[in-house]
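Take 1 as the starting number for the sequence shown in the working numbering and just add one per residue. Note that CB positions come from ideal geometry on N, CA and C, so glycine has one too. The structure presented is a predicted model; accordingly, all values stated were derived computationally and were not measured.
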Amino acid sequence: MNMELWDLAVKAHGHECAGLAFGFRMGEEVKKIFKPTEKVHVIMPGYNCVADGISIVTGISISNQTMKVDKSIDKYIFYVAGEDEGWAFTPHKLQMAEGADPVTGILAFARDMLFDIEPYDL
């Protein structure tokens, strides 16, 4: 994980939280799936701290019209405009030990513990 980018994310977001960490990790995975030259979009269930994590890592944002909210969905759908298929990230309910710091856990957990990633027909 890029700790320098994480520190920048916390500074830009204004505080360290589980939502930011979750979006940050999701953004890292998005960058592994898509080519750097592709303009990636996301449709997501709401605009919250997760969105900031995604935006800081990937550059996807409401202001550049690559981030949209659809409250009828429960996953994050990443795609390139004009393509027939994207990738759906479905969050898992985290199993944390009592008293454990969720931010530390999210940043350290294996991807499969955080979300499923599956092809998604657009």
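- Proximity of the stretch 71-83 to the stretch 93-111 falls short of the contact definition, fewer than three beta-carbon pairs being nearer than 8 Å.
- The residues VAL69, LYS71, in chain order, have a CB closer than 8 Å to that of GLY46 in the same chain once the five nearest residues on each side in sequence are set aside.
- If only uninterrupted beta strand (DSSP E) runs of at least 3 residues are considered, those enclosed by the stretch 76-103 are 76-80, 85-91.
- PHE22 is positioned such that its CB atom lies closer than 9 Å to that of CYS49.
- Bridge pairing for ILE33: absent [DSSP].
- The shortest C-alpha to C-alpha distance from GLY86 to any of CYS17, HIS15, VAL42 is the one to VAL42.
- A distance of 9 Å or more separates the beta carbons of ALA81 and ASP52.
- Scanning THR58, LEU20, GLU29, ARG25 for the CA closest to the CA of VAL40 turns up THR58.
- Contact annotation, MET67 with SER55: C-beta distance approximately 7 Å; criterion of less than 8 Å satisfied.
- Excluding residues up to 5 positions away in sequence, LEU20, CYS49, ASP52, GLY53, ILE56 lie with their Cβ nearer than 8 Å to the Cβ of HIS13 in the same chain.
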